[in-house]
Amino acid sequence: MTNTIHLLVGTTSGNTEALADHVQAILESHDFNTEMHYEPTFDSLPTSGIWLIFLATHGAGDYADSMLDFYDVIAQADAPQLPDLKYAVCAIGESCYDTFCAAGRHCDDQLTNLRASRLFERLEIDMMEDDPEEKASQWIAQSIDKLRSYPQQ
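The structure is reproduced here in structure tokens:
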């Protein structure tokens, strides 16, 4: 049995939520335990195990409103260290903006700075060019074995 995979969602229009739901269904079809966090607060999350973060960028590179509490904690100079956490980020944006996927990139960098371990490379989805479900399906399918390699804690 593997860890529960925590899916964290930061969305403004609902597209990111739908994408996270799609990935959750794939994971559950492979017998993973999952828990969805549509408006995650840092204090409600385990600081060990696995997080998959689905994060839309909006405005001038900002985090979606549903992730502001989470952002407020990880952006602090004295944010808690996360050495027992494994994570991956799916960043969503539109390439017509200079801030394409900026929130997801920041989140990825910040978690690494907090000593969390990146499970696999960040996925960046361009909502103007890509088929989001197809890209996310490929990303997670390539990562199933890696996710299975982490024992239950």
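Okay, so the sequence shown: first residue is 1 according to UniProt numbering, each after it adds one.
Beta carbons are placed, not taken as given, at the ideal position from N, Cα and C, and that holds for glycine.
In this text, all values refer to a predicted model and were calculated from it rather than measured experimentally.
Bridge partners - residue i, DSSP secondary structure assignment
| i | result |
| --- | --- |
| H30 | Per DSSP, none; premise fails for H30. |
| W51 | H6, Y87 |
| R118 | Y87 |
| D126 | G93 |
| D62 | H58 |
| H37 | L8 |
Other residues of its chain near residue i: CB distance less than 6 angstroms, five sequence neighbours each side excluded
| i | result |
| --- | --- |
| D108 | V89, R122 |
| I92 | T16, A56, I125 |
| F42 | F70, V73 |
| G104 | L55, V89, A91 |
| F100 | G93 |
| I140 | V23, I26 |
Terminal residues of the alpha helix (DSSP H) in which residue i lies
| i | result |
| --- | --- |
| E133 | 132–141 |
| Q81 | First-last for Q81: undefined, no H or E at that position. |
| L45 | Neither: L45 is in no alpha helix (DSSP H) and is coded neither H nor E. |
| Y71 | 68–74 |
| L112 | Here the sequence assigns Thr to residue 112, which means Leu is not the residue at that position. Per DSSP, T112 belongs to the alpha helix (DSSP H) from 102–113. |
| D145 | 144–148 |
Chain-order list of residues whose beta-carbon lies under 8 angstroms from that of residue i (same chain, five-residue window excluded)
| i | result |
| --- | --- |
| H37 | H6, L7, L8, V9, S44, L45 |
| C96 | M128 |
| S143 | A88, L119, F120 |
| E28 | T34 |
Residue i CB to nearest heavy atom of the ligand COA below 8 angstroms
| i | result |
| --- | --- |
| L85 | With respect to the ligand COA, the structure offers nothing, as it holds no ligand at all. |
Close beta carbons around residue i, own chain, < 7 angstroms, minus the five adjacent residues each side
| i | result |
| --- | --- |
| D31 | none |
| G59 | none |
| L82 | T47, L111, L114, R115, A116 |
| E39 | S66 |
| T4 | N33, T34, E35, G49 |
Inset, instruction - Give a yes or no on contact between the segment 64–72 and the segment 20–33, applying the rule of three or more CB pairs nearer than 8 angstroms. - result: no
Inset, instruction - Taking 8 angstroms as the threshold, find out whether the segment 92–106 comes into contact with the segment 127–140 through three or more Cβ pairs. - result: yes
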